[in-house]
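Taking it in order: structure first as structure tokens, then the write-up.
Number of protein chains: 4
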Amino acid sequence: MTEWKDLAGRIEKDRHVLPVRVYYEDTDFSGAVYHANYLKFCERGRSDCLRLLGVHHHEMHWHETEGRMGFVVRRMLCDFRKPARIDDLLEIETRFREMRGARMELDQKVLRECETLFAAQVTVVLVDAAGRPKRFPKAMAEALKTF
Amino acid sequence: MTEWKDLAGRIEKDRHVLPVRVYYEDTDFSGAVYHANYLKFCERGRSDCLRLLGVHHHEMHWHETEGRMGFVVRRMLCDFRKPARIDDLLEIETRFREMRGARMELDQKVLRECETLFAAQVTVVLVDAAGRPKRFPKAMAEALKTF
Amino acid sequence: MTEWKDLAGRIEKDRHVLPVRVYYEDTDFSGAVYHANYLKFCERGRSDCLRLLGVHHHEMHWHETEGRMGFVVRRMLCDFRKPARIDDLLEIETRFREMRGARMELDQKVLRECETLFAAQVTVVLVDAAGRPKRFPKAMAEALKTF
Amino acid sequence: MTEWKDLAGRIEKDRHVLPVRVYYEDTDFSGAVYHANYLKFCERGRSDCLRLLGVHHHEMHWHETEGRMGFVVRRMLCDFRKPARIDDLLEIETRFREMRGARMELDQKVLRECETLFAAQVTVVLVDAAGRPKRFPKAMAEALKTF
Chain A
526 MTEWKDLAGR IEKDRHVLPV RVYYEDTDFS GAVYHANYLK FCERGRSDCL
576 RLLGVHHHEM HWHETEGRMG FVVRRMLCDF RKPARIDDLL EIETRFREMR
626 GARMELDQKV LRECETLFAA QVTVVLVDAA GRPKRFPKAM AEALKTF
Chain B
526 MTEWKDLAGR IEKDRHVLPV RVYYEDTDFS GAVYHANYLK FCERGRSDCL
576 RLLGVHHHEM HWHETEGRMG FVVRRMLCDF RKPARIDDLL EIETRFREMR
626 GARMELDQKV LRECETLFAA QVTVVLVDAA GRPKRFPKAM AEALKTF
Chain C
526 MTEWKDLAGR IEKDRHVLPV RVYYEDTDFS GAVYHANYLK FCERGRSDCL
576 RLLGVHHHEM HWHETEGRMG FVVRRMLCDF RKPARIDDLL EIETRFREMR
626 GARMELDQKV LRECETLFAA QVTVVLVDAA GRPKRFPKAM AEALKTF
Chain D
526 MTEWKDLAGR IEKDRHVLPV RVYYEDTDFS GAVYHANYLK FCERGRSDCL
576 RLLGVHHHEM HWHETEGRMG FVVRRMLCDF RKPARIDDLL EIETRFREMR
626 GARMELDQKV LRECETLFAA QVTVVLVDAA GRPKRFPKAM AEALKTF
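This is the structure:
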């Protein structure tokens, strides 16, 4: 398997940046990116930011000592500013704003050449197998704090 | 072609209701519906509500006298309350809150047996071919006002 | 909760028919339905056909006596004939061709006013929790044979 | 805007390779990647292979001298061999088998550490604005022949 540099984006100071290309599947007949797909782009950004911090979904889902857990989006305020289009190279920016108990607050943006096309405030909660909020395990909390 | 009753849902007093079944495609590996898909369900609800009021996307997109136009979502506040699961029968509820100039404000909910799983406040704007806000054509404004 | 007639389509003699509306999410910037989405439509058809025969995904996934099992698509020959477009009312037709051991062969079509837009030959296999082929449980085999 | 190396994958001799990460959006409740999403991955591979050869969808869609045109998938034989899972790093391999008139035949694979999870034979046709097959413009034919 060949090496792929920066496939999970990069952490630059206090933000994570992930490049995303717009493909056929992302657009709709209006010619622009379908609105719900910006949420997918943001989820990719969050997943890859966590990946670079050493947090992996599949390990959380089948965790041996802490028990099964996972992140769920609880609230999202979405501001759709300008349309992205086929072939566009986008950058997904993720910043952690706050972390408390079982809850993380993030600010995310979809940019095209430094212009913000989409911005969101996101509340994510860590839950256990029964869907109940669960405090971040120590190792995870510390990994996130370095960021 | 056979007749399909209520395929576009029903208007009941001041709300539109659309039934939506949860299929494989809607879920993710956590077992629940993927969060961005609630936005798809809401978009189906808006489209079918407009359809019952006589407003069709394809006519707007290739409109002879008014010129090409379309709806875009400008802002959406999403509250993810409880997970929906495979095989669930959901109802998408759409209520118009306000209409002014080029702008519509709607309240939407995803329900399962009267329990709200997802709620959203949605701002939709009518735009012309250049993406500029455009006042609702008279016929459309009147159709929407009856609701 | 209101009643929704024919939400899972209808069985008419030796075929199952499910109505599907084309929404924004299904189209791409070319103006037509994105090619992979015909596979989603067909999966909805198979799921709802099984539903009417009394076979439910969530029961199979959390089955008490038979153990966890599920259907996987093993092979699909897809023939994309004509494009479907926004607002189109489609019908998904499903016919069982053969059932043997752990395997089902189906013929599926996506129709618009009796014209075939998409046709597929589909091989589906029942697998257990480890992904190994599993003979159809008796009750399921008999339900499918009536069709 | 930062530089992103290999975002469109790489051409290695007679094949194009694109890395694809599996995110939440790609999986379904069975825990594996939803079957139709392998077709999306393949479409990304084709798009990025063409991109590296100098062929861009948006230019084709709004082409000044040749008129509007685009690629459509006409036929696809899909072999689903093994499931991909959340967090997997996949490689999409694209090989051109034949090009004649308006038609291209490709072989595509989805690999995980050299193991083939999905294989497809794909027929793609270039069409004009009316959906009629259209011979490849000279510049495009020559770009593709170098591959």
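Chains as they are written, first to last, in the working numbering: chain A, 526 to 672; chain B, 526 to 672; chain C, 526 to 672; chain D, 526 to 672. Virtual Cβ for every residue (Gly too), placed ideally from N, Cα, C. Model, not experiment: these values are computed from the prediction.
Cβ of residue 659(C) within 8 Å of Cβ of residue 561(D)?
As a position in the third sequence, residue 659(C) is number 134, starting the count at 1. As a position in the fourth sequence, residue 561(D) is number 36, starting the count at 1. For residue 659(C) and residue 561(D), no; Cβs fall outside 8 Å.
Please name the residue in 619(C), 559(C), 669(C), 583(C) whose C-alpha comes closest to that of residue 611(B).
In the second sequence, residue 611(B) corresponds to position 86, counting from 1. Minimum Cα distance to residue 611(B) is reached at 583(C).
Counting only Cβ pairs nearer than 8 Å, list the residues of chain D close to residue 662(C).
Start at 1 with the first residue of the third sequence, and residue 662(C) comes out as number 137. Neighbours of residue 662(C) on chain D: none; closest Cβ ~18 Å, over 8 Å.
Candidates 605(B), 608(B), 604(B), 600(B), of which the one nearest residue 607(A) by Cα:
In the first sequence, residue 607(A) corresponds to position 82, counting from 1. Minimum Cα distance to residue 607(A) is reached at 600(B).
Euclidean distance between Cα positions of residue 632(C) and residue 620(C)
Residue mapping note: residue 632(C) aligns to position 107 of the third sequence, counting from 1. Residue mapping note: residue 620(C) aligns to position 95 of the third sequence, counting from 1. C-alpha separation (whole angstroms): 5 Å.
Taking residue 555(D) as the query, report the chain C residues whose CB atoms sit under 7 Å from its CB, ordered along the chain.
On the fourth sequence, position 30 is the one that residue 555(D) refers to. The answer, in chain order, is 595.
Given this structure, state the Cα-to-Cα distance separating residue 572(A) from residue 643(A), to the nearest angstrom.
The sequence position of residue 572(A) within the first sequence is 47, counting from 1. The sequence position of residue 643(A) within the first sequence is 118, counting from 1. Distance between the alpha carbons of residue 572(A) and residue 643(A) is about 18 Å.
Hey, could you find the ends of the beta strand (DSSP E) residue 586(C) is sitting in?
Position 61 of the third sequence, counting from 1, holds the residue named residue 586(C). Counting along the chain, residue 586(C) falls outside any beta strand (DSSP E), though it belongs to the alpha helix (DSSP H) covering 582–586.
Where residue 656(A) falls: helix, strand or coil (DSSP):
For this step, residue 656(A) is matched to residue 131 along the first sequence. Coil.
Does residue 536(D) come within less than 8 Å of chain B when only Cβ atoms are used?
As a working note, residue 536(D) is residue 11 in the fourth sequence. No - not a single Cβ of chain B is within 8 Å of the one on residue 536(D).
Just reading off the beta strand (DSSP E) that residue 634(B) is part of, what are its end residues?
Taking the second sequence and counting its residues from 1, the one referred to as residue 634(B) is at position 109. Residues 628–637.
Contacts around residue 662(B), its chain only, beta-carbon distance under 7 Å, and the 5 residues preceding and following it disregarded
As a first step, residue 662(B) must be located in the second sequence, where it is residue number 137. Only 591 meet the Cβ criterion.
Based on Cα-Cα distance, which residue from 602(B), 551(B), 542(B) lies nearest to residue 575(B)?
Locating residue 575(B) in the second sequence gives position 50, counting from the first residue. The residue with the shortest Cα to Cα distance from residue 575(B) is 542(B).
What does residue 548(A) touch in chain D if you count any residue whose Cβ is under 7 Å from its own?
Within the first sequence, residue 548(A) is the residue found at index 23, counting from 1. Chain D residues near residue 548(A): 568, 569, 572.
Tell me the residue span of the beta strand (DSSP E) that contains residue 615(C).
In the third sequence, the residue the question calls residue 615(C) occupies position 90. It spans 614–625 - the beta strand (DSSP E) in which residue 615(C) sits, taken as one unbroken run.
Excluding five sequence neighbours on each side, which residues of the same chain lie with their C-beta closer than 8 Å to the C-beta of residue 595(A)?
Numbered from its first residue, the first sequence carries residue 595(A) at position 70. Once the five neighbours on either side are set aside, the close Cβ partners of residue 595(A) are 582, 585, 586, 651, 652.
Cβ of residue 609(A) within 8 Å of Cβ of residue 558(A)?
Residue numbering aside, residue 609(A) sits at position 84 when the first sequence is read from its first letter. Residue numbering aside, residue 558(A) sits at position 33 when the first sequence is read from its first letter. Contact: yes.
What does DSSP give as the partner residues of residue 644(D) in its beta bridges?
By 1-based counting over the fourth sequence, the position of residue 644(D) is 119. DSSP output for residue 644(D) lists 604(D), 634(D) as bridge partner(s).
Alpha helix (DSSP H) segment containing residue 571(B), residue limits
Residue 571(B) sits at position 46 when you count from the first residue of the second sequence. 562–577 is the span of the alpha helix (DSSP H), which, as asked, contains residue 571(B).
Would you kindly check if the distance between the Cβ of residue 668(C) and the Cβ of residue 578(C) is under 8 Å?
As a working mapping, residue 578(C) is identified with position 53 in the third sequence. As a working mapping, residue 668(C) is identified with position 143 in the third sequence. Yes.
Which same chain residues, not among the five before or five after residue 535(D), have their C-beta less than 6 Å away from its C-beta?
In the fourth sequence, counting from the first residue as 1, residue 535(D) sits at position 10. The residues are 542.
Excluding five sequence neighbours on each side, which residues of the same chain lie with their C-beta closer than 8 Å to the C-beta of residue 540(C)?
Residue numbering aside, residue 540(C) sits at position 15 when the third sequence is read from its first letter. Here the set comprises 618, 619, 620.
Cutoff 8 Å: residue 655(C) Cβ touching any chain A Cβ:
In the third sequence, the residue the question calls residue 655(C) occupies position 130. Residue 655(C) does not count as touching chain A.
Just mark residue 589(A) as buried or exposed, buried being the case when its beta carbon has 16 or more other beta carbons within 10 Å.
Within the first sequence, numbered from 1, the residue matching residue 589(A) stands at position 64. Answer is exposed; the Cβ neighbour count stays below 16.
Selection from 637(D), 629(D), 614(D) that minimises the alpha carbon distance to residue 548(D):
Reading the fourth sequence from its first residue, position 23 is the one you call residue 548(D). Checked all of 637(D), 629(D), 614(D); the closest Cα to residue 548(D) is 614(D).
So which of 648(B), 666(B), 531(B), 533(B) has the shortest CA-CA distance to residue 603(A)?
On the first sequence, position 78 is the one that residue 603(A) refers to. It is 648(B) whose Cα lies nearest to the Cα of residue 603(A).
Look up residue 651(B) in the DSSP assignment and say whether it is helix, strand or coil.
Along the second sequence, one-based indexing puts residue 651(B) at 126. In the structure shown, residue 651(B) sits in a strand (DSSP, three-state: E or B).
On a Cα-Cα basis, can you pick out the residue from 638(C), 616(C), 538(C), 672(C) that is closest to residue 568(C)?
Along the third sequence, one-based indexing puts residue 568(C) at 43. The option with the nearest alpha carbon to residue 568(C) is 616(C).
Let me confirm a value: residue 550(D) is counted as buried when at least 16 other C-beta atoms fall within 10 Å, else exposed. Which label applies?
For the purposes of this step, residue 550(D) is taken as residue 25 along the fourth sequence, with counting starting at 1. So residue 550(D) counts as buried.
Quick check on residue 563(C) - is its C-beta less than 8 Å from some C-beta in chain A?
Along the third sequence, one-based indexing puts residue 563(C) at 38. With 8 Å as the cut-off, residue 563(C) does not count as an interface residue toward chain A.
Where residue 543(A) sits in the DSSP three-state scheme:
In the first sequence, residue 543(A) corresponds to position 18, counting from 1. Residue 543(A) falls in the strand class under three-state DSSP.
Should residue 552(B) go down as buried or exposed, given a rule of 16 or more other Cβ atoms within 10 Å for buried?
Residue 552(B) sits at position 27 when you count from the first residue of the second sequence. It counts as buried.
Below 8 Å on the Cβ atoms is my guess for residue 554(C) versus residue 556(A); work out the distance and round it to an integer in Å.
Start at 1 with the first residue of the third sequence, and residue 554(C) comes out as number 29. Start at 1 with the first residue of the first sequence, and residue 556(A) comes out as number 31. Between residue 556(A) and residue 554(C) the Cβ distance is about 5 Å, and since that is below 8 Å, they are a contact.
The alpha helix (DSSP H) enclosing residue 667(A), as first and last residue numbers
Stepping through the first sequence from its first residue, residue 667(A) is reached at position 142. 663–670 is the span of the alpha helix (DSSP H), which, as asked, contains residue 667(A).
Hey, residue 532(B) and residue 546(C): beta-carbon distance below 8 Å or not?
Position 7 of the second sequence, counting from 1, holds the residue named residue 532(B). Position 21 of the third sequence, counting from 1, holds the residue named residue 546(C). Yes, the pair counts as a contact, with Cβ atoms nearer than the cut-off.
Inter-residue Cα distance where the pair is residue 655(B) and residue 593(B)
Start at 1 with the first residue of the second sequence, and residue 655(B) comes out as number 130. Start at 1 with the first residue of the second sequence, and residue 593(B) comes out as number 68. In a straight line, the C-alpha of residue 655(B) is about 9 Å away from that of residue 593(B).
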